[in-house]
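For reference, the structure is listed below as structure tokens.
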Amino acid sequence: MENQQTEFRASFTGTFYGILRWEQLDGLWEQVKRDAAGGWYMYAVGEQPPETQARPEEIVRFIEEIDVLLRREHEEDYCGIVYVDDPESPAFVKIFDPNNLGVTCGYSDNPPLPGWILSKQQPVDLQAPMPQPGNRRRWWQRLFSS
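Read in order, the letters of the sequence shown correspond to residues 3 to 148 in the numbering used here.
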């Protein structure tokens with residue numbers, strides 16, 4: 003377990019590339035959807051980390067729903083709130099909540115945690131300083147209640 007934590011945290015703090023344009027986000031989503039059966043974990047930071055990989059249909063549904071949320075609530079003509087470890091072969095995606103951005107780029111002693119993570123590594127608890135707002139928890143729970 004300790005090795006898993008160390009590896010996940012090393013990946014989490016590694017190099018990431020910002021998805022700046024909405025068209026780039028479309029391309030990233032298509033790559034992840036094509037690889038939906040590739041062993042992805044979905045983690046809503048502040049919730050319990052998942053113990054099992056998501057089913058391909060869960061990955062696709064999450065991508066469709068998070069895309070709608072991001073485009074609706076991030077009132078900019080650019081994306082800039084999704085980061086990926088490797089744009090050509092993604093294995094770790096950080097998605098920041100448009101309503102809790104703080105400093106997502108540049109330097110900060112206490113950078114905000116992403117709202118959601120897609121990862122091929124099993125996530126560990128990142129211990130969000132505050133629980134997710136109620137509307138985000140309900141959104142996340144609603145995705146998989148049916």
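Beta carbons: idealized from backbone N, C-alpha and C, even for Gly.
Kindly give me the distance between the Cβ atoms of Tyr45 and Trp141, rounded to whole angstroms, as I take these residues to be in contact under 8 Å. About 14 Å; that fails the 8 Å criterion.
I'd like to know whether the C-beta atoms of Phe98 and Pro114 end up nearer to each other than 8 Å. yes
Nearest candidate by alpha-carbon position, reference Gln7, set Pro125, Lys35, Leu145: Pro125
Is the separation between the beta-carbon of Cys81 and that of Trp24 shorter than 8 Å? yes
Express the C-alpha separation of Ala39 and Val62 in angstroms, rounding to a whole number. 10 Å
8 Å contact criterion, which Ser121 and Tyr43 should meet: CB distance rounded: 5 Å
Out of Pro89, Asp88, Val70, Arg74, which has the shortest C-alpha to C-alpha gap to Leu2? Any property of residue 2 remains undetermined from this structure, which presents the chain solely from 3 to 148.
Does the beta-carbon of Lys35 have 16 or more other beta-carbons within 10 angstroms, so that it is buried, or is it exposed? exposed
Continuous beta strand (DSSP E) assignments of at least 3 residues falling wholly in the segment 30-97: 43-46, 84-86, 94-97
Whose C-alpha, out of Val47, Gln143, Gln55, Glu67, is nearest the C-alpha of Asp37? Gln55
Of the choices Ile21, Thr15, Gln33, Glu67, whose alpha-carbon is the least far from that of Gln143? Glu67
Going by CA-CA distance only, name the one from Gln26, Asn5, Asn101 that's closest to Glu77. Asn101
State the DSSP-derived secondary structure class of Leu145, mapped to helix, strand or coil. helix
Residue interval of the alpha helix (DSSP H) (run including Arg11): 4-14
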